[in-house]
Every structure is written in C-alpha cells, then in structure tokens.
Amino acid sequence: MIGVVALAPWWPAGEAERIPADTRLVALHGTADTWTDPETSRRQSEQAGQRGVAARWIPMAGGHFMVRRAAAWHRLTA
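For the record, in the sequence shown the residue sitting at position 10 is 10 according to the working numbering, with numbers rising by one throughout.
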C-alpha cells in the first residue's frame, strides 16, 4: 500500500496505528458531518502524522455533501 484516501471516514479509535509509516494519507471530512465525526478524522490523521505517515487532513466546510460537491472532493484527492 502506498496511499490512503479517506473520504469522511468512520475510524475506530487507534485505527491510524495500522497505517504503515511509509504511506501517504489524505483525509477529507465535512466539518458539520453528523454521520461520522470530523474531529475523530482529524485526530486520527494527526496521530498517523506523529508516527511518520505523510498525513494531511482537509476540512470541507459544511456537512455530508460528497455527492453534491463531487468535483471539489475529486480535485483534492486526485
């Protein structure tokens, strides 16, 4: 595995520990998402970064809108 793209992920506690240190991580999450927790997504990204993962958390203003703003999500992850 060389990279992980996480779109509004549901991440159980400690799951970031499973991402190998030589992996690239990009996590996008709507800041007002009520289905999955954007704060957890941010924390998991930070924890991965502290272990050496090239991690980037990108907050997307608003809630669950992947389908409505698909072009923005694609541009940031492609």
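Glycine residues also receive a C-beta, built at the ideal position from the N, C-alpha and C atoms. Remember, it's a predicted structure, so these values are computed and weren't measured experimentally.
Give the DSSP-derived three-state secondary structure of residue i in the structure shown.
i	result
P59	strand
A78	coil
R24	strand
G3	strand
A32	coil
Return the residue from the list the options that minimises the CA-CA distance to residue i.
i	options	result
P20	A72, S45 and G63	S45
R68	G30, Q47, G52 and S41	G30
W10	D37, A70 and P59	D37
R43	A8, G3 and R75	A8
W35	G63, V53 and A6	G63
I2	I58, T23, L28 and T40	T23
A13	R51, S41, R75 and A27	S41
Within this structure, are the beta carbons of residue i and residue j separated by less than 8 Å?
i	j	result
A55	L25	yes
A6	A27	yes
Please go through the same chain and pick out, in chain order, the residues whose beta-carbon is closer than 6 Å to the beta-carbon of residue i, but skip the five residues on each side of it.
i	result
A48	A16, I19, L25 and A55
Which residues in the same chain as residue i place their Cβ atom closer than 8 Å to its Cβ, once the five residues preceding and following it in sequence are excluded?
i	result
A72	M60
I58	V26, A27, L28, H29 and L76
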